[in-house]
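Residues 7 to 178 (our numbering) make up the sequence shown, in order.
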Amino acid sequence: PWLPSQIEQREGRIVRQGNQHDEVDIFAYATEGSLDATMWQNNERKARFIAAALAGDTSIRRLEDLGEGQANQFAMAKAIASGDQRLMQKAGLEADIARLERLRAAHIDDQHAVRRQIRDAERDIEYSTRRIGDIGQDIERLVPTNGDAFAMTVMDKVYDERKLAGRALMKE
7 PWLPSQIEQR EGRIVRQGNQ HDEVDIFAYA TEGSLDATMW QNNERKARFI
57 AAALAGDTSI RRLEDLGEGQ ANQFAMAKAI ASGDQRLMQK AGLEADIARL
107 ERLRAAHIDD QHAVRRQIRD AERDIEYSTR RIGDIGQDIE RLVPTNGDAF
157 AMTVMDKVYD ERKLAGRALM KE
């Protein structure tokens, strides 16, 4: 396959929802010293370009700056097909770098989330402390109205029966 989409299509037919087995192994064969290395190199280059276009990252000036997803798989396949140990080592190191960069980005995101949670918690503490004071004042001003202790003033007239106070309130 000379296009990343052909590989994705082929593997998509293997890894499907509803398969009898939860896990499948996909093997890619290459002949050392053949055009297979060139094919995998082209797939790697195209996959990196596609990843850059889809990510919309304008800070990337060279496609080599990418090191994500399918491109790493193609790089490893290219290195294996070439038979050059240095290429295999380079592909492995690039995959490690990409993984570490993802971990670093995730760590930075986590730090921002924790800082936001701390800020929100401090704001909640301040708000709750203020509410406790307000509720305390409300409790101090509370006038019991159970049973015979009921009294309500509507338009400067005091009512001691709930029904009459309700009617007076509805008229106003």
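Ideal Cβ placement from N, Cα and C applies to all residues, glycine included.
Assignment of Val-21 by DSSP, reduced to helix, strand and coil, places it in the coil class. As computed with DSSP, Met-158 is found in a beta bridge with Tyr-165.
Shown here, Tyr-35 sits in coil according to DSSP, grouped into three states, outside any helix or strand. About 6 Å separates the beta carbons of Lys-84 and Glu-50, which is inside the 8 Å limit, making them a contact pair.
According to the DSSP assignment, Leu-93 belongs to the alpha helix (DSSP H) that extends over 91-147. From the listed residues Asn-152, Gly-172, Ala-112, the smallest Cα separation to Met-161 is found for Gly-172.
DSSP, reduced to helix, strand and coil, places Gly-62 outside both helices and strands of the structure shown, so it counts as coil. Looking at the backbone, the Cα of Asp-126 and that of Arg-136 are separated by about 15 Å. Contact between the region 42-56 and the region 15-28 is not established, with fewer than three Cβ pairs separated by less than 8 Å. Taking every protein chain shown into account, the CB of Ile-103 has fewer than 16 other CB atoms within 10 angstroms, so this residue is exposed. With fewer than 16 other CB atoms across the displayed protein chains lying within 10 angstroms of its CB, Ala-59 is exposed.
The C-alpha of Arg-121 is placed about 45 Å away from the C-alpha of Gln-26.
Between the C-alpha atoms of Met-94 and Ser-11 there is a straight-line separation of about 24 Å. Secondary structure of Pro-150 (DSSP, three-state): coil. Judged by DSSP in its simplified three-state form, Leu-170 adopts helix.
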